[in-house]
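Inspection log for the structure reproduced underneath, given as structure tokens.
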Amino acid sequence: MQLELRTLPDGRLALPAYTSPAELARCCGAGQPWGAVNADGMGEIKRSTGYDVVLLDGEMPPGARRESVPRDPGDEEPGSHIPMSFLQKPFE
106 MQLELRTLPD GRLALPAYTS PAELARCCGA GQPWGAVNAD GMGEIKRSTG YDVVLLDGEM
166 PPGARRESVP RDPGDEEPGS HIPMSFLQKP FE
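Each residue of the sequence shown is one higher than the last, beginning at 106 in the working numbering.
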């Protein structure tokens, strides 16, 4: 599994999480890959990444959204569609 962590403007490391697949699609685009994680999995993610906060239902800016799934996973560099911090200019 590949996780996409974000650095917030204040320097904290955030783990984006979404309350439903519908919210994920609304916030990140219909092509955003996802996986479900239970409480034990969240603990393992915390231990392995050291994230500071969980960011619930954070919206990606339009240029960073995945509106469709790449035809071939090799067509896209991991994380290439995401700015360094998608919260630096959240309303553009």
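The beta-carbon is built from N, C-alpha and C at its ideal position, and this holds for glycine as well.
From the options, pick the residue whose C-alpha is nearest to that of residue i; which is it?
i: G168; options: E149, Q107 and G134; result: G134
Looking at the structure shown, is residue i part of a helix, part of a strand, or coil, going by DSSP?
i: L110; result: coil
i: A169; result: helix
i: P138; result: coil
Within its chain, find whatever has a CB closer than 6 Å to the CB of residue i; leave out the 5 residues flanking it on each side and keep chain order.
i: V159; result: L120 and A122
i: E164; result: C132
What does a CB cutoff of less than 7 Å around residue i pick up in its chain, not counting 5 residues either side in sequence?
i: D162; result: Y123, T124, E128 and C132
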